[in-house]
Amino acid sequence: MVQLDISFKERYSLFISGEQVPPSTDDYLPTYDPATGNSFAEIAIADSRDVDQAVTTARTAFESWRDVSPEKRGRIVHRIGRRIRDSADELAAIECKDQGKPMSQARSDIRGAWRYFEYYSGVADKLEGRSVPVGSDQVDYTFREPYGVSAQVTPWNFPGNLFARGVAPALVAGNTVVVKPAPQTTLSTLKLAELCSEAGLPDGAVNVVTGTGESAGQPLVSHPDIDTITFTGSVATGQSIMQHAADTVTPVTLELGGKNPAVVFPDAPLDQTAESIATAIFTNAGQVCSAADRLLVHEDIHDRLVDRIVSIVDEYEIGPGNADPDMGPLASAEHRDRVLEYIAVGKEAGAKPITGGNVPDRPGYFVEPTIFTDVQNEMRIAQEEIFGPVLSVISFRDEKAALSIANDTKYGLTAGIFTNDITRAHRLARYLEAGNVYVNKWFGDTTQTPFGGYKSSGIGREKGLEALDSYLQTKNVAIDISADGSGTLPGA
Ligand code: NAD
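Quick note: to get this note's numbering, add 4 to the position in the sequence shown (first position is 1).
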């Protein structure tokens, strides 16, 4: 058992203009330890008045942050990364308690968080425009400018890591930010915002409004003074945000999850593939948008591969995050019930639960790692994002059928191919409808690589240099340098 050497406050305020601010509502929500079901702190419920204050503050801070020299901006962002690195143990402990994930996974998330700040810090003084050759009578150039105030709404599966994924590129590009974390997992976001201040970020450049989607999220995404929105979460909420954004023509970057196929051919190394698939679906108890929740396996190796995955999973130690088990609880009671409902739906549809499917006899929001065989791709458990420790196994006969099943979903976030045939791997990588394709591994994304969805899985890209496109707009400047001032007509 890892000692959580931190104390939690009874109540957490909002974070606006570098200060802890009580909510206008004077209302608070309990936050729970998913491993026990006990409430251990309260978070503030912000409403539209607090959101307005946070956005106004961010707007004021933007006016000066945008003009901080790129070199200095990069240095401050780098210092934030350093502060996160120095506080990594505390942050991982917070994540472990508030979200429920195993300690080693929490540490990995926090390592990812400081990496975002380090990675993007180096880009601050390289955000160059270009010179466009339009002829001898005109000088034409572009430069890339920040949008202004970025609203960021984050989910409960990777709260600290996703704060960094959006905030680091937004800041480095010269934007200021208002973050609305999920009510289930707010605490790491508040700590990270404090660390930003301690690292020398001007007050108001990062603000946090906490509470529910209704109380704080919706007022934030529909605020008229927001310039760009970054959201990670469910499709339904993403669609609602797009509708609000349409009123003010505000650009959105959306990451909306997936129903990701792992396609396994008979020539794949079985033991290694079984290990990869187990990690790919049961990490963070399946609460991962890029999890391999559909296993498409060739009929010749179906039974052997499934047996191996089951034998790995049957050895899993399940427990509280601070015991660093193989799998922890789900993030909330509500979500546990949603996952259990899907397990019932799978059984009813005729899929066969060959392991798991039950709630372990212990407190907290645990669900056993569950594997369904005899799944048809049209079943709900093969089409809808369960976001829990549930693997749906589908058998296929040949490559053509595998591709057709893999692409037969509204989602398109990640996909994986397990084979030793290099031509097949490249061929499928081209035709799989997904923003990220892994070959002979899973979770192949890093800080440096672009990540995002095709189809209903989202709009835009996070991570890598591509993420900067969500935080920078291009301005073109055209200057007449002709001797007689003779302009050209539009369209020339
Ligand atoms: P959600 O989409 O409702 O919530 C995500 C975030 O959006 C939270 O911060 C929430 O408070 C906020 N929010 C909710 N309604 C809002 C609104 N109208 N305007 C602005 N912000 C709003 O997700 P959920 O209910 O917590 O989970 C439901 C399902 O979403 C899960 O089962 C899973 O399938 C999916 N999900 C996906 C991801 C992902 O990484 N893609 C993450 C979390 C959840």
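The C-beta atom is built at its ideal place from N, Cα and C for all residues, glycine as well.
Quiz item: Is DSSP giving Tyr-32 helix, strand or coil here?
Solution: The three-state reading of DSSP puts Tyr-32 in strand, counting E and B together.
Exercise for the section: Kindly indicate the opening and closing residues of the beta strand (DSSP E) around Phe-19. Expected result: For Phe-19, the enclosing beta strand (DSSP E) begins and ends at 18 to 20.
Of the listed residues Thr-377, Ala-65 and Glu-338, nearest to Gly-354 (C-alpha basis): Ranking the options by Cα distance to Gly-354, first place goes to Thr-377.
When you measure from the CB of Lys-414 to every non-hydrogen atom of ligand 1, does any distance come out below 7 Å? No - ligand 1 has no heavy atom lying nearer than 7 Å to the Cβ of Lys-414.
| Range of the contiguous beta strand (DSSP E) that encloses Phe-235 | Here the beta strand (DSSP E) through Phe-235 covers 232 to 236.
The beta strand (DSSP E) that contains Phe-147, what's its start and end? Phe-147 -> beta strand (DSSP E) spans 142 to 150.
With Ile-47 as the anchor, note down where its beta strand (DSSP E) starts and where it stops.
-> 42 to 48 is the span of the beta strand (DSSP E), which, as asked, contains Ile-47.
| Per the contact definition of three or more C-beta pairs closer than 8 Å, is the stretch 370 to 385 in contact with the stretch 416 to 436? | Too few Cβ pairs lie closer than 8 Å, so no.
Within 10 angstroms of the Cβ of Glu-437, are there 16 or more other Cβ atoms? Answer buried if so, exposed if not. Around the CB of Glu-437, 16 or more other CB atoms lie within 10 Å, so the residue is classed as buried.
Exercise. List the DSSP bridge partners of Arg-298.
Key: Arg-298 pairs with Pro-265 and Ser-396.
(Q) Given the structure, does Ala-244 come close to ligand 1, in the sense that its CB is under 7 Å from one of the ligand's heavy atoms? (A) Here the sequence assigns Ser to residue 244, which means Ala is not the residue at that position. Checking the Cβ of Ser-244 against ligand 1 gives yes.
Quiz item: Got a sec: does ligand 1 put a non-hydrogen atom nearer than 7 Å to the Cβ of Gly-237?
Solution: Flag set: Cβ of Gly-237 near ligand 1.
For this session: Kindly examine ligand 1 and report whether one of its heavy atoms sits closer than 7 Å to the Cβ of Thr-214.
Result: No.
- request: Assign Ile-483 to one of two classes, buried (16 or more other C-beta atoms within 10 Å of its C-beta) or exposed (fewer than that).
  value: When all chains shown are included, Ile-483 counts as exposed.
- Task: Compute the distance between the beta-carbons of Val-239 and Ser-474, then report whether it is under 8 Å.
- Result: Cβ distance not < 8 Å, so Val-239 and Ser-474 don't count as in contact.
C-alpha gap between Lys-13 and Gly-462, whole angstroms
Approximately 36 Å between the Cα atoms of the pair.
**Asked** Out of Asn-326, His-306 and Met-331, which has the shortest C-alpha to C-alpha gap to Asp-318?
**Response** Comparing Cα positions, the closest option is Met-331.
Minimum C-alpha distance to Val-443 - residue among Gly-217, Gln-276 and Ile-385:
Closest option to Val-443, judged by alpha-carbon separation, among Gly-217, Gln-276 and Ile-385: Gln-276.
Next on the checklist: Are the CB atoms of Val-183 and Gly-290 within a distance shorter than 8 Å?
Outcome noted: Their beta carbons are not under 8 Å apart, which means Gly-290 does not touch Val-183 by this criterion.
### Message
For Glu-345, which residues in the same chain have their Cβ closer than 7 Å to its Cβ, ignoring the five residues on either side in sequence?
### Response
So no residue of the chain qualifies.
Exercise for the section: For Gln-387, verify whether its CB is less than 7 Å away from any heavy atom of ligand 1. Expected result: Checking every heavy atom of ligand 1 against the Cβ of Gln-387, none is found closer than 7 Å.
Exercise. Count the other C-beta atoms from every protein chain shown that fall within 10 angstroms of the C-beta of Gln-247, then say buried if there are 16 or more, exposed otherwise.
Key: The residue in question, Gln-247, is exposed, as its Cβ has fewer than 16 Cβ neighbours within 10 Å.
Q) Any idea if Asn-4 is buried or exposed, counting beta-carbon neighbours within 10 angstroms, 16 or more meaning buried? A) The structure shown does not extend to residue 4, since the chain is modelled only from 5 through 496, so no value can be given for it.
C-alpha gap between Met-383 and Ala-433, whole angstroms:
About 25 Å.
Could you name the residues that DSSP lists as bridge partners for Asn-440? Beta-bridge pairing links Asn-440 to Thr-418.
Next item on the list: Please confirm whether any heavy atom of ligand 1 lies closer than 7 Å to the CB of Cys-293.
Entry: Because some heavy atom of ligand 1 lies under 7 Å away, the Cβ of Cys-293 counts as near it: yes.
Taking Ala-278 as the reference, which of Val-253, Ala-386 and Asp-307 has the closest Cα? In terms of Cα proximity to Ala-278, the closest of Val-253, Ala-386 and Asp-307 is Asp-307.
Roughly how many whole angstroms lie between the Cα atoms of Thr-193 and Lys-404?
Computed Cα separation, rounded: 45 Å.
### Task
Mind checking who Leu-476 pairs with in its DSSP beta bridge?
Looking at the DSSP output, Leu-476 sits in a beta bridge with Pro-150.
*asked:* Are there any heavy atoms of ligand 1 lying less than 7 Å away from the beta-carbon of Gln-222, as far as the coordinates show?
replied: Taking 7 Å as the cut-off, the C-beta of Gln-222 counts as close to a heavy atom of ligand 1.
Worksheet item: Could you give the C-beta distance for Ser-43 and Thr-35, rounded to a whole number, given that I count them as a contact under 8 Å?
Response: Ser-43 to Thr-35, Cβ: 7 Å. Contact.
query = When the Cα atoms are used, what is the spatial distance from Asp-207 to Phe-19?
reply = A straight-line Cα-Cα distance of about 10 Å links Asp-207 and Phe-19.
Simplified DSSP assignment, three categories, for Lys-105: Three-state DSSP puts Lys-105 in coil, outside helix and strand.
Open item on the list: Any heavy atom of ligand 1 closer than 7 Å to the beta-carbon of Leu-260?
Closed with: Yes, the beta carbon of Leu-260 sits closer than 7 Å to at least one heavy atom of ligand 1.
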